[in-house]
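**Student:**
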Amino acid sequence: STKGKPIRCKAAVSRAPNEPLVMEEIMVAPPMPREVRIKVICSSLCHTDIGLWVLKDLPGIYPRVLGHEAIGVVESVGEGVHEVAVGDTVIPTFVSDCGECDGCRSQKSNICTKLPFKITPYMPRYDQGTRFTSLNGETIYHTLCVSSFSEYTVVDVAHVTKVDPSISPSRACLLSCGISTGVGAAWKIANVEEGSTVVIFGLGSIGIAVAEGARLRGAARIIGVDLNSKKFEMGKMFGVTDFVNGGECGDKSVSQVINEMTGGGADYCFECIGLPSMVHEAYSCCRNGWGKTVIIGVAKPGSELGLKYHDILDCGGKSIMGCIFGGVKAKTDIPILLQRYLNKELRLDQFVTHEIQFDDINKAFDLLLTGESLRCVIWM
Ligand code: CXF
Ligand code: ZN
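The opening position of the sequence shown corresponds to residue 6 in UniProt numbering, with each subsequent residue numbered one higher.
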């Protein structure tokens, strides 16, 4: 067995921003206490990996292994791991669910305070080190506590959820990040009710997943906003009922158009782009009194919103909130979402627009960058 020994395997290493990933042999150390070594089955590419791939302003984070939307099988476990065992099928997540802290024990939150979310190139707990090295001993860094673009990876046990092994891995892996985030934002953060009107800014995978979540909650009207009208075709298949092309509103703003369409604003607005100006638009077209704006998109670090004081005070009852992973508590909610997929309620199949082999991983980046794919599954 490989237990307790380093494993030599293939990984797609990101060596420099914007440069294609390089297929290399690397060494993956055995799991430290409270860690799990996973044989990755497949990953799908989330847009955040593109953001991290092009990032130049964080020092010392190359070379590294990207990938954080995945599924795999436990190869071995470190000391003190009782929750999962060798052979279990698990979904790793960039958010932790330690199950012990105030945040994890509360039903109100998915924010773990013991291993709080941060973008770190290290393991989150035992020694803050890395478990990857190149064959000549060079340190290779992690990404979002998952690093699934490697045949084997090491993840903290707080970052894995055990799942039913019979579910198709290419579908289950989508719940590791993007689809859970979008569906969760509609379900757990906004708590969309039957008959409501929803506006979604940005119809990428996250926006489409919000539409899917809103549809499951019985929303009556789902308005998609994007600059690319082709996205509406995709949106329609997921229950988007109306489309506003943000570039074709003439002398009106998007929020003006939506306020007219809805007779005073929507019940829920979701920002899935990451632009402060779009948060303003969203907030401006959610209904006075109770409209809720949910921020999901990731803006540049240091971005500010700059809302006017009276925009908040005078609209009494309107709210803005952000979320991480759509408010989904990994260990309790991922199994619920998987069950809803098995019940044929939640759709996952339609998100998978492409499937490729690990050696072709750079194609997945092209497909997502050009907007051609929703989710491209990469098989190891
Ligand atoms: C994102 C969520 C928001 C902060 C950066 C990472 N997660 C996954 O794609
Ligand atoms: Zn992601």
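Cβ coordinates follow ideal geometry from the N, Cα and C atoms, glycine included.
Any heavy atom of the ligand CXF closer than 6 Å to the CB of Thr246?
**Tutor:** Working through the sequence shown from its first residue, we reach residue 246 at position 241. False, no ligand heavy atom lies under 6 Å from that Cβ.
**Student:** Nearest CA to the CA of Pro340: which residue from Gln133, Arg13, Pro97, Val159?
**Tutor:** Sequence index remark: in the sequence shown, residue 340 carries index 335 (1-based). Of the candidates Gln133, Arg13, Pro97, Val159, Pro97 places its Cα closest to the Cα of Pro340.
**Student:** Given Phe248, which residues of its chain have a CB within under 6 Å of its CB, disregarding the five upstream and five downstream residues?
**Tutor:** The residue given as residue 248 occupies position 243 in the sequence shown. Once the five neighbours on either side are set aside, the close Cβ partners of Phe248 are Gly229, Phe237.
**Student:** What separation, rounded to the nearest whole angstrom, lies between the Cα atoms of Phe99 and His87?
**Tutor:** By one-based count along the sequence shown, residue 99 stands at place 94. By one-based count along the sequence shown, residue 87 stands at place 82. Taking the straight line from one Cα to the other gives about 20 Å.
**Student:** Buried or exposed, going by whether 16 or more other CB atoms sit within 10 Å of the CB of Glu105?
**Tutor:** Here residue 105 refers to the residue found at position 100 when the sequence shown is read from its first residue. Answer is exposed; the Cβ neighbour count stays below 16.
**Student:** Return the Cβ separation of Gly183 and Cys51 in integer angstroms, given the expectation that the two are a contact with Cβ distance under 8 Å.
**Tutor:** Translated into the one-based positions of the sequence shown, residue 183 becomes position 178. Translated into the one-based positions of the sequence shown, residue 51 becomes position 46. The pair is a contact, with the Cβ atoms about 5 Å apart (cut-off 8 Å).
**Student:** Quick one: complete alpha helix (DSSP H) runs, 4+ long, within the segment 169-228?
**Tutor:** Listed in chain order, the complete alpha helix (DSSP H) runs (minimum 4 residues) inside the segment 169-228 are 174-177, 183-189, 210-221.
**Student:** If you check the beta carbons only, do Lys113 and Gly77 fall under 7 Å apart?
**Tutor:** In the sequence shown, counting from the first residue as 1, residue 113 sits at position 108. In the sequence shown, counting from the first residue as 1, residue 77 sits at position 72. No, these two residues do not count as a Cβ contact at 7 Å.
**Student:** Could you name the residues that DSSP lists as bridge partners for Phe137?
**Tutor:** What you label residue 137 is simply residue 132 of the sequence shown in a count that begins at 1. Paired residues: Val33, Ile145.
**Student:** In terms of residue numbering, what span does the alpha helix (DSSP H) encompassing Gln344 cover?
**Tutor:** If you number the sequence shown from 1, residue 344 lands on position 339. Gln344 -> alpha helix (DSSP H) spans 335-347.
**Student:** Using the rule of at least 16 other Cβ atoms within 10 Å of the residue's Cβ for burial, across every protein chain shown, is Glu24 buried or exposed?
**Tutor:** By 1-based counting over the sequence shown, the position of residue 24 is 19. Around the beta-carbon of Glu24, fewer than 16 other beta-carbon atoms lie within 10 Å, marking it exposed.
**Student:** How is Tyr131 classed by DSSP in three states: helix, strand or coil?
**Tutor:** The residue you call residue 131 lines up with position 126 of the sequence shown. DSSP places Tyr131 in coil when its eight states are reduced to three.
**Student:** To which residues of the same chain is Thr7 closer than 7 Å at the C-beta, ignoring the five residues directly before and after it?
**Tutor:** Working through the sequence shown from its first residue, we reach residue 7 at position 2. Closer than 7 Å at the Cβ level, and outside the excluded window around Thr7, lie Glu80, Ser81.
**Student:** Hey, would you say Val357 sits closer than 7 Å to Val382, going by beta carbons?
**Tutor:** Indexing the sequence shown from 1 puts residue 357 at position 352. Indexing the sequence shown from 1 puts residue 382 at position 377. Their beta carbons are under 7 Å apart, which means Val357 touches Val382 by this criterion.
**Student:** Could you say if the segment 321-335 and the segment 187-205 meet the contact criterion of at least three C-beta pairs nearer than 8 Å?
**Tutor:** yes
**Student:** Hey, would you say the C-beta of Cys182 is under 6 Å away from at least one heavy atom of the ligand ZN?
**Tutor:** What you label residue 182 is simply residue 177 of the sequence shown in a count that begins at 1. Flag set: Cβ of Cys182 near the ligand ZN.
**Student:** Please confirm whether any heavy atom of the ligand CXF lies closer than 6 Å to the CB of Cys277.
**Tutor:** On the sequence shown, residue 277 is found 272 positions in, with the first residue counted as 1. If you check the C-beta of Cys277 against the ligand CXF, you find no heavy atom less than 6 Å away.
**Student:** Tell me whether the beta-carbon of Val197 lies closer than 7 Å to the beta-carbon of Ala224.
**Tutor:** To locate residue 197, count along the sequence shown from 1; it is residue 192. To locate residue 224, count along the sequence shown from 1; it is residue 219. In this structure, Ala224 lies closer than 7 Å to Val197 by Cβ.
**Student:** In terms of residues, what are the limits of the beta strand (DSSP E) holding Pro97?
**Tutor:** Walking along the sequence shown from the start, residue 97 turns up at place 92. Its beta strand (DSSP E) spans residues 94-97.
**Student:** Compare the C-alpha of Ser139 against each of Leu120, Leu221, Thr94, Val18 and name the closest.
**Tutor:** Here residue 139 refers to the residue found at position 134 when the sequence shown is read from its first residue. Ranking Leu120, Leu221, Thr94, Val18 by Cα distance to Ser139 puts Val18 first.
**Student:** Using only the heavy atoms of the ligand CXF, determine whether one of them is closer than 6 Å to the beta carbon of Thr53.
**Tutor:** The sequence position of residue 53 within the sequence shown is 48, counting from 1. Yes, the beta carbon of Thr53 sits closer than 6 Å to at least one heavy atom of the ligand CXF.
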